[in-house]
Amino acid sequence: MRHTITLIPGDGIGLEVSHAVQQIIGAAGVDILWEEIPARAEIERRGQDFMHSGVLESIRKNRVALKGPLATAVAGGPPSINVGLRKALDLYANLRPVKNLEGVQSRYLGVDIVLVRENTEDLYSGLEHTVVPGVVESLKIITEKASTRVAKFAFEYARKYGRKKIHAIHKANIMKLSDGLFLTSVRKVAENFPEIEYKELIVDNACMQMVINPHQFDMLLLTNLYGDIMSDLAAGLVGGLGVVPSGNMGETVAIFEAVHGTAPDIAGKGIANPTALLMSAILMLRHVGEREAAARIEEALHLVYRQGKVLTRDVGGTASTAEFTAAVIAAFA
Ligand code: NAI
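Here the numbering used here is used: the first residue of the sequence shown is 7, the next is one more, and so on.
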């Protein structure tokens, strides 16, 4: 079956890693018509604004996108396009599976945790104002609607992929109303999934437990801020942001992306590691029903890491992006 998928190569190393991933998926025999969005610099040269260049229409039509990293100015400058895309397309659940990749040095082995982070509200609503000089108020918004739908997403994911246990992470002992509403909403959803064990844990304890014994966790369900922090913490347990995938999921559309940035220090040198984007593409292939191809690519990737002969510099090797890509393709059974 042919899939039409929007490709946003992104800035910096984005073009290098996304083309590597396209090659690997093509070699695995998946029939994808990529609708490629031009580089941001090119769109801006034409006098257009990225968000109004047809990218939203393309994703809404195709329902699935693979996205490379996009640069965001720190303090000032235009708002983040990454956040803009999530808002415009109402991508309410951030999916972050965290699992060891054998061959990558890490603190723990045997970690296999899926984090689901609410992606639209909480302290990320951007509602801040100066009350009087020297005093700023930043609003934490929690709604029953958003909490319920992200909980449904997590429990349905658990059911679909055979997960056994979900911990909701909160600070409802202090933020009794906001995190309290999150918990009561999640509990209601949990009642409809009796086969999945449901537990709750206060966020500070959850961080400590993750560091001491990550193996006790199966899935975590979190509000936006705790999810942001704990998903990077979880990535750190298995070797960092370069070896974990992510998906931003909405009711009808989804964007899969690596969580690392544009790596301006190595952009254009042909040495970027496409692993994180490839892992995100594997998630994407499962999402569109290409489970066999996803498993094939995953096995090949694991084999290349296990052998450890053709790896990029960030993970201790000397290979270029092209050499690594060729090694993954050569590892197809
Ligand atoms: P970064 O992730 O781009 O780089 C941090 C370090 O990791 C650098 O040394 C870089 O060379 C290395 N690195 C990152 N990805 C790599 C890869 N695939 N292969 C090999 N090495 C890799 O983080 P930084 O420098 O904080 O951000 C740079 C830009 O990226 C900023 O404009 C930021 O806003 C943007 N960014 C975009 C994201 C997205 O689009 N989802 C996520 C994070 C940052």
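The beta carbon of each residue, even a glycine, is placed where N, CA and C say it ideally should be.
Classify S144 as helix, strand or coil using the three-state DSSP reduction. In this structure, S144 counts as strand in the three-state DSSP scheme.
Would you kindly check if the distance between the Cβ of L243 and the Cβ of V120 is under 8 Å? Against a cut-off of 8 Å, the Cβ pair of L243 and V120 comes out as no contact.
Nearest-angstrom Cα separation, counted from E150 out to A332: If I take the Cα positions, the gap works out to 48 Å.
Give me the Cα-Cα distance between R193 and S326, rounded to the nearest whole angstrom. R193 and S326: Cα-Cα distance of roughly 49 Å.
How is V250 classed by DSSP in three states: helix, strand or coil? In the structure shown, the three-state DSSP call for V250 is coil.
Quick one: using the 10 Å Cβ neighbour count with 16 as the cut-off for buried, is M7 buried or exposed? Looking at its Cβ environment, which holds fewer than 16 other Cβ atoms inside 10 Å, M7 is exposed.
Just the Cα atoms here: how many angstroms apart are L135 and D55? As written in the sequence, residue 135 is His, which differs from the Leu given in the question. C-alpha of H135 to C-alpha of D55: approximately 27 Å in a straight line.
Nearest to V122 by CA position, among G267, V310 and P251, is which residue? Closest option to V122, Cα to Cα, is P251.
Coarse secondary structure for H308, derived from DSSP in three states: Judged by DSSP in its simplified three-state form, H308 adopts helix.
Which residue spans inside the segment 227-301 form an unbroken alpha helix (DSSP H) run of at least 4? 230-243 and 281-293, all fully within the segment 227-301.
Suppose contacts are defined by Cβ-Cβ distances below 8 Å. Is I172 in contact with F161 by that definition? The Cβ-Cβ distance between I172 and F161 falls below 8 Å.
Is the beta carbon of H293 less than 8 Å from the beta carbon of G256? G256 is positioned such that its CB atom lies no closer than 8 Å to that of H293.
Exposed or buried, which one is N198 when buried takes at least 16 other CB atoms within 10 Å? Counting Cβ neighbours within 10 Å, N198 comes out exposed, since fewer than 16 surround it.
Residues with C-beta closer than 5 Å to any heavy atom of the ligand NAI, in chain order: One residue after another in chain order, those with a Cβ under 5 Å from a heavy atom of the ligand NAI are P75, L76, A77, T78, N88, H266, G267, T268, A269, D271, I272, A278, N279 and D320.
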